[in-house]
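Chains as they are written, first to last, in the working numbering: chain A, 1 to 315; chain B, 1001 to 1666.
See below for the structure under consideration.
Written out as structure tokens, the structure reads:
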């Protein structure tokens, strides 16, 4: 099983950041803002964020801000969207530089995407998904601006996406999927609404995601994948049912998904690595209190000291 | 990002990769240019199609196409032209789905185009597309999930003359049994069975199953403000209950979660207080105002002390107000009455001592009870008749399922054993008038199933231990004899003259959580030491609790102690030798009422006071928001990683009523 190759993963992330011209990098360019959040948060969890030039990142980040709408895009030149707006705000929270934002404008962009029924659209084109409910609620909470939306309706919409197996889908009636479950449980946690969840029922569905190889899948009958080490694990933690899985077997699975030579973590052992799975693997290990890692908050997906700072430092 | 094998690029690959990259870069740059300059020519749109075939994930490309579509729509002259525009978009989506069948952007674009309502939707084409994609990735559970959705909709209809719920469910049991016995390894059928079971075991009727004070009990109160004590009128005993807030709790416990308990739906008749002024609160406190346990407090006046027995009557009549979570109304009127005699004897004359003295928990086994201090069993309010809340059909169905599953249980399949355990537990509640021996045998059978499961499926040990703890609690509290063997004399707890009633000792039972608290509403002193408790959820119902021992358990966080907050009588707490401070990731962080979850307003003034007292608020907010709401006189925290000097200083600041900390007088 071995250990977590901290140094290799740090080098991998720094290299990925620089390698902008490969085909793989170009294909991901449109979500560079997400990639930056994944990479930077991983570096912080690995206690290595000091190597980053904060100002350079912030400068690039702000060049992705559309001052007309108030939202952020995935990279320079593309259209704004909730997904990237959340990542941008999370990055600034990580650096404790939320002061560079026109918080009012950004909040208005997010709040403006709430629909009559409480749901959220991802952008002006109107796609509705509980992922966007999470993005909006998490983003606004970090900005201390949750009061700009109708929280009650937002919660009501999320609860309407609850299924009979205790899980949640993308829209009402949508099948339960671990990614959607994370978004809904996260949003309900942030708004203090976990009493809407049948924790025993959902906890059992979630703990049944653990496969014989120790990894977690996203739905019954599917293969284990490292990214579910986050979606499923954080959900289990938020509802206090994480002791229902075998943490050491999951740790073993994640560590086996490392590329010990070149750094990075993949979805499954011996597959190609990427920043997405590197982040989720390290975040999963952090949730399980792997030695040497900073602990991460399961709802905000940011280090706990960052979240505590947002809520409890001197005003 | 998923499912690509790991390989190092060779030289030949490098050249091809560079060409691919260059092509992609050009297409992306072109798209951004056309998008910003609103270029919607045929060539431009065609270039975007090429890009989408390579990378359908870029949302902006789909946005561009929507803009282009709307613009070209304006210039379209006839319905043929419009239809061809629509077809172009649908074809682009199909091409994109070939590259990635799960592309959010592609699917939404298709929905968006069709929702423009410009051309008749070709449903054949749509279903063919779906078939094609689903063939590539089919799963059974989707079907069962859909089935339970349909059924749920059907069953919730309350139309008269509507199809019989019970016969529908019976057919479903047959159907799922076929599936399960054919292929017991297919998970999806089991989740459906669990849902069916849930439909079957939910009690049809709302019942009041427990209360404190219990019906027919008589109490003498020696009223002295916060030194008020309460004793049963008979038998005459030296023991007492502390009523250290000067208020008497009235606790109601229902057989399921209900809302709507208030002074209209529940009437309390007494000379002490006007019914309309009583406020009923759910326990645990909840934003949704729903709970199985509800409490109100009778303020005991100082004045009336004429040694007359005053009757207090609590009535719950038919009420549309009180509703269960599935909408059942409360249709079983019940009432109970108890009497209160007030005198103004001081605490010492009444034979008591306040809890300012240090209370020492005895580590040994409990010694035999003195019959003088035995509160009569009647006053243990075990008035359960849960069985009346269930129909014949429910009982028969569960019996059938048990028979079926017992036949299968030879095969040692995890799901079979787990389902059988759940079935047996469900049956336990539904059957009335069993002898104690029958009940204990039944519970022993369930315990054995969980022990087997712990061996069969060690991955889920945590779950089985939790379930097992509940069965154990059931066993230990199921009747007078069981409880008696765990009750103890309060002299086990202190060498001074404090004589407490309602002492229960549940040590060393390997409990990971507690349950069946409706049977323990009379408990004042509870020793849960030397267990494996990680949660104390449920304890909030024990409103008389004054002394609690949680030493040597697995409590990992301060936030998991939230259930202590509604215990207004709690004065002595021992949480020494737990795991508080060992775990940086707090699993009850979001279940705890605090400014983090917008469940309380941040008292900035108080937090600033704490900062002035050198307390790091950002790192210790959990302790501040928990202990601030407790009124402890005695606290033990040693043996926890968190319990350093700084923490002790914090406790002293946040608990001004504290007299004893870790055995030392402050």
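Ideal Cβ positions, reconstructed from N, Cα and C, are used throughout, including at glycine.
8 Å Cβ cut-off: residues of chain A touching residue i
i               : result
residue 1541(B) : Those do not exist, as residue 1541(B) stays about 17 Å from chain A at its closest Cβ, beyond 8 Å.
residue 1195(B) : 164 and 165
residue 1584(B) : 289, 295 and 304
residue 1668(B) : The shown model of chain B, from 1001 to 1666, leaves out residue 1668(B), and the question about it has no answer.
residue 1025(B) : 21 and 26
residue 1287(B) : 192, 193 and 195
Beta-carbon proximity list for residue i, same chain, < 7 Å, skipping 5 on both sides
i              : result
residue 211(A) : 217 and 224
residue 280(A) : 226, 227, 229 and 230
residue 86(A)  : 135, 138 and 139
Under 8 Å between C-beta atoms of residue i and residue j
i               : j               : result
residue 1328(B) : residue 1206(B) : yes
residue 174(A)  : residue 180(A)  : yes
residue 1300(B) : residue 1253(B) : no
residue 140(A)  : residue 110(A)  : yes
residue 282(A)  : residue 293(A)  : yes
residue 1559(B) : residue 1589(B) : yes
residue 135(A)  : residue 82(A)   : yes
residue 1500(B) : residue 1525(B) : yes
residue 1514(B) : residue 1483(B) : no
residue 1529(B) : residue 1549(B) : yes
residue 1256(B) : residue 1227(B) : no
residue 188(A)  : residue 196(A)  : yes
residue 33(A)   : residue 88(A)   : yes
residue 1119(B) : residue 1086(B) : yes
residue 45(A)   : residue 303(A)  : yes
residue 115(A)  : residue 107(A)  : no
residue 1576(B) : residue 1639(B) : yes
residue 1239(B) : residue 1321(B) : no
Nonlocal neighbours in the same chain, by C-beta distance under 8 Å from residue i, ignoring five residues either side
i               : result
residue 97(A)   : 54 and 58
residue 1040(B) : 1034, 1067, 1068, 1071 and 1072
residue 184(A)  : 130, 133, 134, 158, 161, 162 and 168
residue 1392(B) : none
Within chain B, partners of residue i - CB distance below 7 Å
i              : result
residue 259(A) : 1006
Other residues of its chain near residue i: CB distance less than 6 Å, five sequence neighbours each side excluded
i               : result
residue 1523(B) : 1502, 1504 and 1542
residue 1372(B) : At residue 1372(B) the pLDDT is 41, less than 50, meaning the model places this residue with poor confidence and gives no usable figure here.
residue 146(A)  : 140
residue 25(A)   : 19
residue 1358(B) : 1660
residue 309(A)  : none
residue 92(A)   : 98
residue 1510(B) : 1532
residue 1599(B) : 1593
Contacts of residue i in chain A (Cβ-Cβ under 9 Å)
i               : result
residue 1112(B) : 125, 126 and 127
residue 1647(B) : Those do not exist, as residue 1647(B) stays about 16 Å from chain A at its closest Cβ, beyond 9 Å.
Cross-chain neighbours of residue i in chain A, by beta carbon under 7 Å
i               : result
residue 1232(B) : By Cβ distance, chain A contributes nothing, its closest Cβ being about 37 Å from residue 1232(B), past 7 Å.
residue 1081(B) : None at all; the shortest Cβ gap to chain A is about 23 Å.
Cβ separation of residue i and residue j, assumed to be a contact under 8 Å, to the nearest whole Å
i               : j               : result
residue 1222(B) : residue 1343(B) : 6 Å
residue 229(A)  : residue 254(A)  : 6 Å
residue 1298(B) : residue 1265(B) : Contact flag wrong, Cβ pair sits at about 18 Å.
residue 1003(B) : residue 240(A)  : At roughly 33 Å, the Cβ-Cβ gap does not stay under 8 Å, so residue 1003(B) and residue 240(A) are not in contact.
residue 203(A)  : residue 236(A)  : 7 Å
9 Å Cβ cut-off: residues of chain B touching residue i
i              : result
residue 309(A) : 1618
residue 191(A) : 1597 and 1598
residue 172(A) : Going along chain B, no residue has its Cβ under 9 Å from residue 172(A), so there is no contact; the nearest lies around 10 Å.
residue 207(A) : 1459, 1460, 1462 and 1463
Neighbouring residues, chain B, relative to residue i (Cβ below 8 Å)
i             : result
residue 33(A) : Result: empty, since nearest Cβ-Cβ is about 12 Å, beyond 8 Å.
Does the segment 1585-1599 of chain B come close enough to the segment 288-304 of chain A to have 3 or more Cβ pairs within less than 8 Å?
-> yes
How about the segment 7-18 of chain A and the segment 267-282 of chain A: do they share at least three Cβ pairs that are nearer than 8 Å?
-> yes
Inspect the CB distances between the segment 1419-1436 of chain B and the segment 1447-1456 of chain B and report whether three or more fall short of 8 Å.
-> yes
Determine which residues of the segment 50-67 of chain A have a Cβ less than 8 Å from any Cβ of chain E, and write them out in chain order.
-> Here chain E cannot be found, since the structure's protein chains are A and B.
Does the segment 1319-1334 of chain B come within contact of the segment 1605-1617 of chain B, defined as at least 3 CB pairs closer than 8 Å?
-> no
Flag this pair as touching only if the segment 1562-1577 of chain B and the segment 1244-1253 of chain B have three or more C-beta atom pairs under 8 Å; answer yes or no.
-> yes
Answer yes if the segment 1645-1662 of chain B comes into contact with the segment 1612-1624 of chain B, meaning at least three C-beta pairs across the two stretches below 8 Å, and no otherwise.
-> yes
Could you tell me whether the segment 1590-1598 of chain B touches the segment 1650-1658 of chain B, where touching means 3 or more Cβ pairs closer than 8 Å?
-> no
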